[in-house]
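Peer 1: Just so you know, we're using the working numbering here: the sequence shown kicks off at 135 and counts up by one.
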Amino acid sequence: MKKLNALFIALGMLTSAHALAQETLRYGLESQYPPFESRNAQGELEGFDIELGKAICQTGNFKCSWVESSFDALIPALQAKKFDAINSAMNITEARAKSIDFTKPIYRIPTMLVAKAGQGLLPTAESLKGKNIGVLQGSIQETYAKKHWESQGVTVTSYQDQNQVYNDMVAGRLDGTLVMSAAGQSGFLDKPQGKGFAFAGKPVEDDTILGSGIGFGLRKGDAKLKQELDAAITKVQADGTVTKLAAKFFPGIDVSAAK
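(1) Is the Cβ-Cβ distance between G162 and K216 less than 8 Å?
(2) Name the DSSP beta bridge partners of F331, please?
(3) How many Å lie between E228 and S346 at the Cα?
(4) For T245, which beta-bridge partners are listed by DSSP?
(5) Do we get a CB-CB distance below 8 Å when we pair A305 with the residues of chain D?
(6) Taking C-alpha atoms, which residue in P326, V299 and G351 lies nearest to A211?
(7) Under three-state DSSP, which class holds I343?
(8) Which same chain residues, not among the five before or five after T149, have their C-beta less than 8 Å away from its C-beta?
(9) Consult DSSP for N297 and reduce its assignment to one of helix, strand or coil.
(10) State the start and end residues of the unbroken alpha helix (DSSP H) segment that holds G162.
(11) Report all residues from its chain with a CB closer than 7 Å to the CB of M314; omit the five preceding and five following residues, and keep chain order.
(12) Give me the Cα-Cα distance between T193 and P239, rounded to the nearest whole angstrom.
(13) Nearest to A380 by CA position, among P169, S165 and Q156, is which residue?
(14) Assign P257 to buried or exposed, taking buried as 16 or more other Cβ atoms, counted over all protein chains shown, within 10 Å of its Cβ.
(15) Suppose contacts are defined by Cβ-Cβ distances below 8 Å. Is A334 in contact with L247 by that definition?
(16) Does the ligand SAH have even one heavy atom less than 7 Å from the beta-carbon of D218?
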């Protein structure tokens with residue numbers, strides 16, 4: 135009887151351990167986009183999306199891992215099953231939703247023009263005619279600039295790395311960049327190289343291109359993972375985690391997903 139009881143206890147412990155076993159969630163990201171994701175001096179990943187991803191893993195009982203890619207290769211890499219979810223400040227848009235699914239929106243960041251202070255530039259085709267504007271390749275900012283500005287005499291130059299855009303602005307090879315405001319502030323304007331530059335005008339608007347907010351990209355039909363992540367996202371929104379992380383990484387910017 136004692137042996138049977140011990141066996142039942144052992145089986146119960148195994149069942150409990152199995153129930154609590156963590157499934158690994160592989161996030162795909164482009165790690166050159168502070169303050170959302172970047173590497174520190176020790177080579178460790180850091181930023182808003184990194185801490186958000188960890189919080190969602192903890193809430194959803196996942197074990198996190200990270201796979202790096204260039205931003206424009208994230209969707210093909212997701213489809214090729216190199217990772218399970220895109221966690222890289224990717225806006226939910228109609229165009230992207232044709233290729234992949236998304237979780238519910240987690241947060242929203244306005245898109246703004248950064249240029250030399252005092253030049254009087256505005257984020258319009260009329261103001262930027264004859265100018266050269268840098269954008270991140272594969273981004274919604276690239277799509278917006280090409281649709282609204284390029285045909286009106288504005289040169290739009292695409293880069294695989296947003297930091298290279300900033301370098302070329304400082305060197306005088308670009309007149310500005312269209313970027314998510316939080317990335318422009320923390321990744322450039324708050325740094326020594328951003329001295330003499332500022333946001334120019336108000337945020338640009340185009341819901342079809344700029345989307346309904348930022349979420350995690352998922353493979354088409356991955357309904358189980360979407361359900362699990364949506365539940366975890368709802369919790370970290372409700373308990374204030376998203377708001378606290380936003381205050382830490384981009385203070386003063388309203389990141390609420392709802393307009």
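For every residue, glycine included, the Cβ atom is placed at its ideal position computed from N, Cα and C.
Peer 2: So, from the listed chains and residues:
(1) To locate residue 162, count along the sequence shown from 1; it is residue 28. To locate residue 216, count along the sequence shown from 1; it is residue 82. Result yes, Cβ atoms of G162 and K216 sit closer than 8 Å.
(2) Mapped onto the sequence shown, residue 331 falls at position 197. According to DSSP, F331 bridges with K250.
(3) The residue given as residue 228 occupies position 94 in the sequence shown. The residue given as residue 346 occupies position 212 in the sequence shown. Roughly 9 Å between the two C-alpha positions.
(4) In the sequence shown, the residue the question calls residue 245 occupies position 111. M314.
(5) The chain labelled as chain D is not found in the depicted structure, where only one protein chain is given.
(6) What you label residue 211 is simply residue 77 of the sequence shown in a count that begins at 1. Among P326, V299 and G351, the Cα nearest to that of A211 is on G351.
(7) The count along the sequence shown starts at 1 and reaches residue 343 at position 209. In the structure shown, I343 sits in a helix (DSSP, three-state: H, G or I).
(8) Along the sequence shown, read from residue 1 onward, the residue named residue 149 stands at position 15. Interpretation of T149 is limited by its pLDDT of 41, a score under 50 that renders its predicted location unreliable; the figure taken from the coordinates is listed afterwards. Around T149: no qualifying Cβ.
(9) For the purposes of this step, residue 297 is taken as residue 163 along the sequence shown, with counting starting at 1. Residue state, collapsed to three classes: helix.
(10) Indexing the sequence shown from 1 puts residue 162 at position 28. Not the alpha helix (DSSP H): G162 falls in the beta strand (DSSP E), residues E157 to L163.
(11) Residue numbering aside, residue 314 sits at position 180 when the sequence shown is read from its first letter. So the list reads A223, I243 and T245, once near-sequence residues are dropped.
(12) If you number the sequence shown from 1, residue 193 lands on position 59. If you number the sequence shown from 1, residue 239 lands on position 105. Cα-Cα distance, rounded: 17 Å.
(13) The residue given as residue 380 occupies position 246 in the sequence shown. Comparing Cα positions, the closest option is P169.
(14) Against the sequence shown, residue 257 aligns to sequence position 123. So P257 counts as buried.
(15) To locate residue 334, count along the sequence shown from 1; it is residue 200. To locate residue 247, count along the sequence shown from 1; it is residue 113. Yes; because the gap between Cβ atoms is below 8 Å, this pair is in contact.
(16) Of ligands this structure carries none, so the ligand SAH is not represented either.
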